[in-house]
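Single-structure report; data block below.
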Amino acid sequence: MVRVDKIKTIDGRKVPEGQPPAGLGTDRLAARDLEGWASVSGISVAEVLALSSLRTARLVAGAAGLQRTVRRLNVMEVPDVLPWVKADELILTTGYPLRQTPSSLTGLVGDLDDRGLAAFAIKLARYIDELPAEMLAEADRRGFPVILLPDDVGFDDILNQILTEILNKQAAALAHSDEVHRAIIATVLAGGGLDEVTAKAATLLSDTDVVAVGLDGTMLASAGTKGERMPGLADLVSADLLARGVVDLPGGGTAVVVPITAGDFDHGWLVAARRDALHAADTVTILERAAAVAALTITQKLAVTAVETRYQSDLVRDLVEGRLDDLERVMDQAKWFGWNIQASLVLTVTTVQTVPDQSPRNRRDDLERFAAAWRSALEDRIAGAAVVVVSDQVVTLLPVAHSDDSEVTPGRSMVSAAADLIAMVGARVRADRRGAPRVASSGISRAVASLSELPAAYSQARRAAQVGLHTQAAGAVTSFDSLGVLRLLSLIPDSGELRSYLSDVLGPLGPGANAAQRDLLETLRVLLEANLNVAEAARSLHFHYNTMRYRIGKLERLLGPFMTDPAVRLNVQLALHLVDEHGIDAHRVDSRGPN
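Just so we're aligned, residue 29 is where the sequence shown starts under the numbering used here, counting upward by one.
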């Protein structure tokens, strides 16, 4: 139960939060006043004055606060009563504690109002003859009700009658809450899920759209009497405004938001939206009950999905590691999952960027969340793809023969078309704001015609992803067929050995080279790119031909006769390839030294 202690101004009138301003009626609340309001658990000051025991009581100040809620009662017996008062109390007194200092009533009104009390009721004549004018003026200014009690009514009668009314109203609210809960539970017991729970909440709330929103901003379910979703809801989600209790919709209207939680786990929000500013008095009660049941259905679905996802991952892992012989059974299981793996396939391996000091569980959760986002983006472009987490990577079995994506360039090979598709999917996932980790590298295998070829395809895609991780920008897509000589170089796991090779081949132009030596290395690179055409290389570098010949002579003295000896030239080209394509810095000295 959320408590409301503050007074706010609406249309120039002071009104306690959680209560409607005059003119709105008792069965509807302005949406802005629902913030922190959870259920009807008290009666208004106006309702208190209508009771038989207070029929002859008089309101002498603070008429603007008649809609304040009375949830508790207290009797003032000592002058320093403030430490024992609570918000939403109606405090009663005979004036005895104030008989010596009636002028302190003005300050007392301010102190009680600041603490969120509902009203102040006093009996005059016995100890205090009249209330100070300053006190009444302050009460009017604050909208804090001051009530003169009749002499012929005892406090016990007043206390009993008010408490009875409060308890009756609370009992009615609890009964209504239980009725709502039973209605929503019955929906689930009849086999309903989140869609049906949302629809039931919308039925209980007339003229209201109800939407279930996931933590990632996804619309999980929606329902409403108007048959269409309010346009402002999408803006509400995209603007990350769902953390608040009550918000104005960008497209007009208001929304009341209740979190969907199960224990310590948050699953999203249940949102009730209206095109006007009025929500039913039981809106939050209905939403809270619906959110509790929605959490149950979501938890159940997550448990089922977790089992299915684990089984799917195990199935694909066994496939790519060659541990399955009964491929017909695999085909049947794939159909049940909605996978199309009967046609030609391309296997992709996607790695994601890691978070330092991340626990294994959080790492796995990130991978699963990324796989879900990857799967969602892929399903919009091609049907029947299998997307699972295998070890610390996301593996995709892509049915390339059935791709009908219009954005893939016609006439491309199956692998090239798959690369285009994976690049598009990666871009979409990167653009998504749902918190999934970013793509580090994607590798694509050659196309395979049968499931028995998947182990080889898996090895190819892993190799391509590994090389792409070192040679290209984050998020790049690398196909196995494009690796070239890198297929061989990538098999060398020891980067120290590679740097040692650079030192042997490039000599002083390798690790630790100075600026002049690095300039010579650039001359060598341009010369090799020009196929040893001295004139063309000189023009590219804006050198005189003789200057270029001089530099070539200097390079050959350092590296050997690469202009005439193919073996020397091959070593030099491989060394430059390591520098340019394999991520090996020729000018960084390895602190471990050459191996």
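Glycine included, C-beta positions come from ideal geometry on N, C-alpha and C. Values in this document were obtained by computation on a predicted structure and should not be read as measured data.
Opposite I288 in the DSSP bridges: which residues? G296
Measure the Cβ-Cβ separation of V453 and I472 and say whether it is below 8 Å. no
Taking all protein chains shown into account, decide if K22 is buried (16 or more other Cβ within 10 angstroms of its Cβ) or exposed. This structure cannot settle anything about residue 22, because the visible part of the chain is limited to 29 through 623.
In angstroms with no decimal places, state the Cα-to-Cα distance between M163 and E193. 29 Å
Does DSSP classify P125 as helix, strand or coil? helix
Would you say G512 and R458 are within 8 Å of each other, going by their C-beta atoms? no
What first and last residue would you give for the beta strand (DSSP E) that runs through L277? Per DSSP, L277 belongs to no beta strand (DSSP E) and is neither H nor E.
DSSP three-state label for P384, please. coil
How about L602 and I580: are their beta carbons less than 8 Å apart? no
8 Å contact criterion, which L625 and V98 should meet: CB distance rounded: With the chain running from 29 to 623 in the structure shown, residue 625 is simply not present.
Straight-line Cα distance separating L120 from A146: 11 Å
What would DSSP say about H307, mapped onto helix, strand or coil? strand
Between A309, A323, I314, H307, which lies nearest to D294 when the distance is taken from Cα to Cα? A323
Using a threshold of 8 Å, state whether the C-beta atoms of L87 and P173 are closer than that. yes
Proximal residues to T382 (C-beta, below 7 Å), its chain only, five neighbours per side dropped: none
Please state whether DSSP places E117 in a helix, a strand or coil. strand
Do the segment 545-552 and the segment 482-489 meet, that is, are 3 or more Cβ pairs less than 8 Å apart? no
Given 8 Å as the limit, is there contact between the segment 276-286 and the segment 311-322, that is, 3 or more CB pairs closer than that? yes
Assuming contact is defined by CB atoms lying nearer than 8 Å, are T325 and T376 in contact in what I supplied? no
Distance check for E396 and L347, CA to CA, integer angstroms please. 20 Å
Best match in H204, V225, L202 for proximity to I213 [C-alpha to C-alpha]: V225
Could you have a look at H605 and say whether DSSP puts it in helix, strand or coil? helix
Looking at C-beta atoms only, is the number of pairs between the segment 236-246 and the segment 297-315 that lie closer than 8 Å three or more? yes
Which same chain residues end up closer than 7 Å to P178 when comparing Cβ atoms and leaving out the 5 residues on each side of it in sequence? T84, A85
N- and C-terminal bounds of the beta strand (DSSP E) containing I150: 147-150
What is the C-beta distance between P12 and L133, in whole angstroms, given that I count them as a contact (C-beta under 8 Å)? Given that the chain is displayed from residue 29 to residue 623, the structure contains no residue 12 and the question cannot be resolved.
State buried or exposed for Q386, treating a residue as buried only when at least 16 other CB atoms are found within 10 Å of its CB. exposed
Is the separation between the beta-carbon of W402 and that of V415 shorter than 8 Å? yes
Starting from D237, trace the beta strand (DSSP E) both ways and give me its first and last residue. 237-242
Limits of the alpha helix (DSSP H) - the one that L195 falls within: 183-217
In angstroms, rounded to a whole number, what distance separates the CA positions of E564 and H572? 11 Å
Inter-residue Cα distance where the pair is D157 and A149: 14 Å
V513 lies in the beta strand (DSSP E); which residues open and close that run? Looking at the DSSP string, V513 is not in any beta strand (DSSP E), and its letter there is neither H nor E.
Cβ-based neighbour list, H605, same chain, cut-off 7 Å, excluding 5 preceding and 5 following: V513
Tell me which same chain residues have a C-beta within less than 7 Å of the C-beta of G366, skipping the five on either side of it? G412
Cβ-based burial, Y578 [other Cβ within 10 Å; buried from 16]: exposed
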